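Trainee: Structure below; questions to follow.
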Amino acid sequence: MLDPPLGPYDHVQGHTDAPLTLLKYGDFECPYCRDAAPVIEEVRAELGDRLRFAFRHFPLAELHPHALAAATASEMAALEGRFWPMHASLYAPGPPRLTQADLREHAVRAGVDPDSVVWPRTRAVEDRVEADFNSGVRSGVRGTPTLFVNGEVYRGPVTVDLLLDALTSTTAAQ
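Here you go:
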């Protein structure tokens, strides 16, 4: 079960009253999260206004040395209302580019001051990333990506068809 449920503190695309919800706990350096990003975009395009998509941070810093810096960089962009452009840039196709110099480039593409997304300025948002991570632990997240479909953990393969089926079948059953 998702703990806490989606709220005003979350990064959300779509209408708050959309009947379908997909939430991703992700890590910007995780190859599986990167593979899931275009799948989720296709699901979003298919469902349109019926879907609300949310993202929470779950940086696996032991495995991915740049994940925490990327998460805090995206949160600094969020302070300027640019989380989603930064999210898109960080998950752009190709291998992850997440060094401090790379994060500055992502910031420019997202329309954010490049000096704002690197340490030490990112200390201001470390608690926000930690709060997401802790909510993931409480929600049973063990790795990335972990998806929640309409509030329940999704355990299937991350494909467009299976996600569409999961999203629409749970709504029909309610």
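With my numbering applied, the sequence shown covers 216 to 389.
Idealized CB from N, CA, C, for every residue including glycine.
Keep in mind that this is a model prediction, so the values were computed, not measured.
#1: Look at the alpha carbon of R319 and the alpha carbon of G371, and state the distance between them as a whole number of angstroms.
#2: Hey, P280 and F348: beta-carbon distance below 8 Å or not?
#3: What ranges does the alpha helix (DSSP H) occupy inside the segment 275-331, keeping only unbroken runs of at least 4 residues that lie completely in it?
#4: Beta carbon of F363, beta carbon of L238: below 8 Å?
#5: Check V344 in the structure and name its three-state DSSP category.
#6: Would you report the Cα separation of A251 and P360, rounded to the nearest angstrom?
#7: For E261, which of L217, V375, L294 has the nearest alpha-carbon?
#8: Could you check which residue in R265, Y240, P335 has the C-alpha nearest to that of V352?
#9: For L382 and E367, I'd like the C-alpha separation in whole angstroms.
#10: Please name the residue, chosen from D264, G263, M291, that lies closest to D328 on a Cα-to-Cα basis.
#11: For A322, decide whether its Cβ has a neighbour in chain D, counting only Cβ atoms nearer than 8 Å.
#12: For the pair the segment 324-343 and the segment 262-271, tell me if three or more CB-CB distances fall below 8 Å.
#13: According to DSSP, simplified to helix, strand and coil, what is D373?
#14: Please name the residue in D242, T231, P223 whose C-alpha comes closest to that of E345.
Mentor: Taking the structure as given:
#1: Numbered from its first residue, the sequence shown carries residue 319 at position 104. Numbered from its first residue, the sequence shown carries residue 371 at position 156. Distance between the alpha carbons of R319 and G371 is about 35 Å.
#2: Residue mapping note: residue 280 aligns to position 65 of the sequence shown, counting from 1. Residue mapping note: residue 348 aligns to position 133 of the sequence shown, counting from 1. For P280 and F348, no; Cβs fall outside 8 Å.
#3: Within the segment 275-331, the complete alpha helix (DSSP H) segments of 4 residues or longer fall at 282-294, 298-305, 315-325, listed in chain order.
#4: Here the question's residue 363 lines up with position 148 in the sequence shown. Here the question's residue 238 lines up with position 23 in the sequence shown. The Cβ atoms of F363 and L238 sit closer than 8 Å to each other.
#5: Walking along the sequence shown from the start, residue 344 turns up at place 129. Residue state, collapsed to three classes: helix.
#6: Locating residue 251 in the sequence shown gives position 36, where the first residue counts as 1. Locating residue 360 in the sequence shown gives position 145, where the first residue counts as 1. Roughly 8 Å between the two C-alpha positions.
#7: On the sequence shown, residue 261 is found 46 positions in, with the first residue counted as 1. When each option's Cα is compared against that of E261, the closest is V375.
#8: Counted from its first residue, the sequence shown places residue 352 at position 137. Of the listed residues, the one whose Cα sits closest to V352 is Y240.
#9: Taking the sequence shown and counting its residues from 1, the one referred to as residue 382 is at position 167. Taking the sequence shown and counting its residues from 1, the one referred to as residue 367 is at position 152. Each residue's alpha carbon lies about 10 Å from the other.
#10: The count along the sequence shown starts at 1 and reaches residue 328 at position 113. Of D264, G263, M291, the residue nearest in Cα terms is M291.
#11: Protein chain content of the structure displayed is limited to a single chain, and chain D is not contained in it.
#12: no
#13: As a first step, residue 373 must be located in the sequence shown, where it is residue number 158. For the record, residue 373 in the displayed sequence is Val; it is not Asp. Residue state, collapsed to three classes: coil.
#14: Taking the first residue of the sequence shown as 1, we reach residue 345 at position 130. Measuring from the Cα of E345, the nearest candidate turns out to be D242.
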